[in-house]
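Numbering (full-length UniProt numbering), first residue to last: 1 to 333.
Notes follow once the structure below has been shown.
Shown next as structure tokens:
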């Protein structure tokens, strides 16, 4: 059985919610979470609980732009260790790379950071594709990176582009904050100019980073030690498939283990590379077909198929039906 991944609940949330006039216990009650959650050792949330927590805040505040208020209220006193470690970085590029390493300690998402000659792009991917992401969480995650850059450089950093998979409410308010109008797209991402990404952080503190780093790496190692090889393979395939990497050798290289060791450890868990690849492809196919309007040619590429006909044959072998039928049934429902 797959082990449930949980994320630390920061004490900083109590401060942020109090500043917005919301009682923390009311949020917990609305989200159907234990009222003594913070009194418990290692207070944490599952992905579903994390999203319920955010929807409870949305309901109680009933303000479409509350994420912007929350972002503007950010201060180093409410930062969690991974975020404070990023705040101590020499520049935004380093900060984003540090956050990408440790984000999984504090939230159900991963960061992909691409540093190019002209820009730096951050793409956020939520770990549970089957759960609907609260819109407010989309807004605050995008806004956080801008606020971090502005706080640390003390300059009015404006991103090159802001992309959200859903339409942000009160779009003009978000445009005023970002300095650019957010656009709707397939991915949740934000881009900064190369110049802004290397502007010095006035908050750089090497001693504080050296203080935080060992404990953060220890916590990360503990999570990875609890993760089965099958789960690691599944997570890696989710990242590899869109780039057309579908071989066991590609996977072994990504996980930094030999092909033989990979196959042996999967066998010990009663599974195989081929079985997991098939399950991941079917899961993603159903997600893209029912949750998006992407053409089948593009879906086949995202699943690592160069030929759409190969995708259609595989989908029929998994489900006994066609993508068209699944998509039409979803539309009717």
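Don't be surprised by glycine CBs; every beta carbon is placed ideally from N, CA and C.
Fair warning: this is a prediction, and the values are worked out from it, not measured in the lab.
Would you report the Cα separation of residue i and residue j, rounded to the nearest angstrom?
i: residue 81; j: residue 89; result: 13 Å
i: residue 276; j: residue 218; result: 28 Å
i: residue 300; j: residue 243; result: 12 Å
i: residue 261; j: residue 302; result: 28 Å
i: residue 161; j: residue 140; result: 16 Å
i: residue 201; j: residue 91; result: 5 Å
i: residue 204; j: residue 29; result: 39 Å
i: residue 150; j: residue 15; result: 21 Å
i: residue 11; j: residue 318; result: 45 Å
i: residue 136; j: residue 64; result: 8 Å
i: residue 13; j: residue 305; result: 44 Å
i: residue 240; j: residue 47; result: 23 Å
i: residue 210; j: residue 316; result: 53 Å
i: residue 175; j: residue 52; result: 27 Å
i: residue 164; j: residue 298; result: 19 Å
i: residue 145; j: residue 326; result: 38 Å
i: residue 291; j: residue 40; result: 37 Å
i: residue 190; j: residue 113; result: 10 Å
i: residue 233; j: residue 37; result: 33 Å
i: residue 131; j: residue 147; result: 27 Å
i: residue 44; j: residue 281; result: 31 Å
i: residue 264; j: residue 220; result: 24 Å
With which residues is residue i paired in a DSSP beta bridge?
i: residue 110; result: 125
i: residue 45; result: 7
i: residue 115; result: 120
Quick one: measure Cβ to Cβ for residue i and residue j, integer angstroms, because I've assumed they're closer than 8 Å.
i: residue 186; j: residue 134; result: Not confirmed; about 19 Å, so no contact.
i: residue 7; j: residue 106; result: 6 Å
i: residue 311; j: residue 296; result: 7 Å
i: residue 194; j: residue 118; result: 5 Å
i: residue 213; j: residue 85; result: 7 Å
i: residue 230; j: residue 271; result: 5 Å
i: residue 33; j: residue 49; result: 6 Å
i: residue 288; j: residue 294; result: 5 Å
Going by beta carbon distance, what residues of the same chain come within less than 7 Å of residue i, once the five residues before and after it are set aside?
i: residue 20; result: 61, 66, 69 and 70
i: residue 109; result: 103, 124, 125, 126 and 127
i: residue 173; result: 65 and 68
i: residue 121; result: 114, 189 and 191
i: residue 143; result: 67, 68, 71 and 177
i: residue 76; result: 84 and 87
What residues in its chain sit with their C-beta under 8 Å from that of residue i, if we drop five residues either side in the sequence?
i: residue 249; result: 259
i: residue 73; result: 16, 19 and 20
i: residue 215; result: 81
i: residue 236; result: 251, 254 and 255
i: residue 383; result: Limits of the chain in this structure are 1 at one end and 333 at the other, which puts residue 383 out of reach.
Please go through the same chain and pick out, in chain order, the residues whose beta-carbon is closer than 6 Å to the beta-carbon of residue i, but skip the five residues on each side of it.
i: residue 339; result: Residue 339 lies beyond the residue range present for the chain, which begins at 1 and ends at 333; the question has no answer from this structure.
i: residue 169; result: 64
i: residue 158; result: 179
i: residue 330; result: 290
- Task: At 4 residues or longer, and completely inside the region 161–198: list those alpha helix (DSSP H) runs for me, N to C.
- Result: 171–178 and 194–197
- Message: To test your reading of the DSSP string, which unbroken alpha helix (DSSP H) runs of 4 or more residues are found completely within the region 45–70?
- Response: 47–61
- Task: Write down every uninterrupted run of the alpha helix (DSSP H) in the region 245–296 whose length is 4 residues or greater and which is fully enclosed by it, in chain order.
- Result: 248–255, 259–268 and 273–291
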